[in-house]
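Step one of this worksheet: look at the structure below.
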Amino acid sequence: MLRQQGLQPLRAAINLAANDIDNIDFINRLIEACRTRQLGPETVGFEITETQRFTNDGEATACVQKLAQQGFEIWLDDFGTGYSSLNHLDILPVRGIKIDKSFISGLSAGGYASQVAETAARIAQTLGIEAVAEGIETTDQQEICKDLGIQFAQGFLYSPGLPPEKFVDWVKSHDNDGRSDNG
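Using our numbering, count along the sequence shown one by one with no gaps and you end on 199.
Encoded structure:
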């Protein structure tokens, strides 16, 4: 759709659940489907949701490594809320973490949520991976995330979910970094 409008394609992220990651046949079909539809690593990446436990860590690791070997970026989604987040950082070839909005929403108030978000940002920095703040709704949250060294942000502060035609208009009015043309 973006190419048809003369725009550069953006990278889309596909969420994968634990039961998807544990299944090499699924991963092989996924890679083939991307290849058939000409969706290369430059246009699609994968986010592993942390809401379910892997049934087989060895199989899951092999599957994620296969995606990474094909050049696809792997991110841990909802970081800090699910199963074995820290273990996944050790065994999976991830590009980064997406710090869950439940921690980001508490940044301004301080306390537990703020400390978890700050710690997650430090973990990412220490490991040399990137971090995304999920659920940014206020400029205060945005500034705190910048101060914490979180490289990327997403949330309603920037845009709600949009239907395809409105998304194209949004992309046209922003540069490649997602900033508005007017500042």
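All C-beta atoms in this analysis are idealised placements derived from N, C-alpha and C, irrespective of residue type, glycine included.
All values derive from a computational prediction rather than experimental measurement.
Spatial neighbours of Ser130 in its chain, beta-carbon cut-off 7 Å, leaving aside the 5 residues before and after: The residue labelled residue 130 in the question sits at position 114 within the sequence shown. Gly122 and Leu123.
If distances are taken between C-alpha atoms only, which option among Phe62, Asp93, Glu48 and Leu46 comes closest to Lys117? Your numbering for residue 117 matches position 101 in the sequence shown. Answer by Cα proximity: Asp93.
Between Gly22 and Val187, what straight-line distance do the alpha-carbon atoms span, to the nearest angstrom? Start at 1 with the first residue of the sequence shown, and residue 22 comes out as number 6. Start at 1 with the first residue of the sequence shown, and residue 187 comes out as number 171. Each residue's alpha carbon lies about 11 Å from the other.
Expected contact under 8 Å - CB spacing of Gly61 and Arg27 to nearest Å: By one-based count along the sequence shown, residue 61 stands at place 45. By one-based count along the sequence shown, residue 27 stands at place 11. Confirmed, Cβ separation roughly 6 Å.
Which whole-angstrom value describes the C-beta separation of Ile120 and Gly96, a residue pair presumed to lie in contact below a C-beta threshold of 8 Å? On the sequence shown, residue 120 is found 104 positions in, with the first residue counted as 1. On the sequence shown, residue 96 is found 80 positions in, with the first residue counted as 1. Not confirmed; about 10 Å, so no contact.
Look at Leu173 and Gln158 and say whether their C-beta atoms are less than 8 Å apart. Position 157 of the sequence shown holds residue 173. Position 142 of the sequence shown holds residue 158. Yes. Within cutoff.
Let me know the alpha helix (DSSP H) ranges lying completely inside the segment 60-135, each 4 residues or longer, listed in chain order. 73-85, 101-107 and 117-120
For Asn35, report the span of its alpha helix (DSSP H) as first-last. As a first step, residue 35 is located in the sequence shown; it is residue number 19 there, counting from the start. Run containing Asn35: Ala34 to Ile37, per the alpha helix (DSSP H) assignment.
Consult DSSP for Ile152 and reduce its assignment to one of helix, strand or coil. By 1-based counting over the sequence shown, the position of residue 152 is 136. Residue state, collapsed to three classes: coil.
Opposite Ala29 in the DSSP bridges: which residues? Here residue 29 is taken as the residue at index 13 of the sequence shown, counted from 1. Answer is Gly61.
Other residues of its chain near Leu178: CB distance less than 8 Å, five sequence neighbours each side excluded: Here the question's residue 178 lines up with position 162 in the sequence shown. So the list reads Trp186, once near-sequence residues are dropped.
Which residues bound the alpha helix (DSSP H) around Leu46? On the sequence shown, residue 46 is found 30 positions in, with the first residue counted as 1. Counting along the chain, the alpha helix (DSSP H) containing Leu46 begins and ends at Ile40 to Thr52.
Proximity of Val80 and Ile37 at Cβ, strictly below 8 Å: Counting from 1 along the sequence shown, the entry for residue 80 is found at position 64. Counting from 1 along the sequence shown, the entry for residue 37 is found at position 21. In contact: Val80 and Ile37 (Cβ atoms closer than 8 Å).
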